[in-house]
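Participant:
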Amino acid sequence: MRINNRKKKGVAAIITTITLGSLIFVISLATTIIAFYANQNAASNRNSLKSYYAAYSGIQDTLLKLERNKDYSTDFNLTIYDTDDVTVSISSDSGQATITATSTVSSVTKKLQSVVDIDTTTGLITPTSTTELTL
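Per the numbering used here, the sequence shown starts with residue 6, numbered consecutively.
1) Could you compute how far the alpha carbon of M6 sits from the alpha carbon of A18?
2) Report, in whole angstroms, the separation of the C-beta atoms of K115 and Y86, which I expect to be a contact under 8 Å.
3) Quick test of your reading: I123 and T67, contact by CB under 8 Å. State the CB separation rounded to the nearest angstrom.
4) As a quick exercise: from T126, A102, T127, S111, pick the residue whose alpha carbon is nearest that of T135.
5) List the DSSP bridge partners of D98.
6) Would you mind stating whether T133 and V120 have Cβ atoms separated by less than 8 Å?
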């Protein structure tokens with residue numbers, strides 16, 4: 006009778022060990038997968054912010070050029086993170102200019118547009134709106 010009882014206890018211990026080991030493995034695997042995707046999401050957010058602020062710096066650079074020359078209307082490229090990663094275009098109408106800056110950082114593209122009023126007598130530049138455009 007004692008020998009039969011010991012065998013049952015050994016089988017129960019093996020089943021318990023395998024079950025707990027499998028549970029720990031599944032939890033570890035799930036944690037690793039969640040950490041991987043969280044890291045990917047953080048990198049994507051970082052690239053999105055880099056692209057946004059690179060485009061914004063293109064608009065700021067154009068505002069400086071307009072302050073120096075109120076008739077400025079030449080499109081140009083700007084290097085922030087990589088060679089020519091910001092493309093800026095400007096279109097001027099009577100007393101108003103529209104600046105469009107497009108930036109690409111690691112396949113994330115952002116496009117910003119700013120409308121500015123230009124006083125023809127004083128040369129004062131007043132930004133009226135800056136919006137992010139959808140691509």
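Beta carbons: idealized from backbone N, C-alpha and C, even for Gly.
Facilitator: Quick answer:
1) Confidence at M6 is low in this model, with a pLDDT of 49, below 50, so its placement is unreliable and the value that follows should be read with caution. Looking at the backbone, the Cα of M6 and that of A18 are separated by about 19 Å.
2) The Cβ separation is near 13 Å, so there is no contact.
3) That belief does not hold up - the Cβ atoms of I123 and T67 are roughly 12 Å apart, past 8 Å.
4) Selected option, being the one with the closest Cα: A102.
5) Answer is Q101, bridged to D98.
6) Taking 8 Å as the Cβ cut-off, T133 and V120 qualify as a contacting pair.
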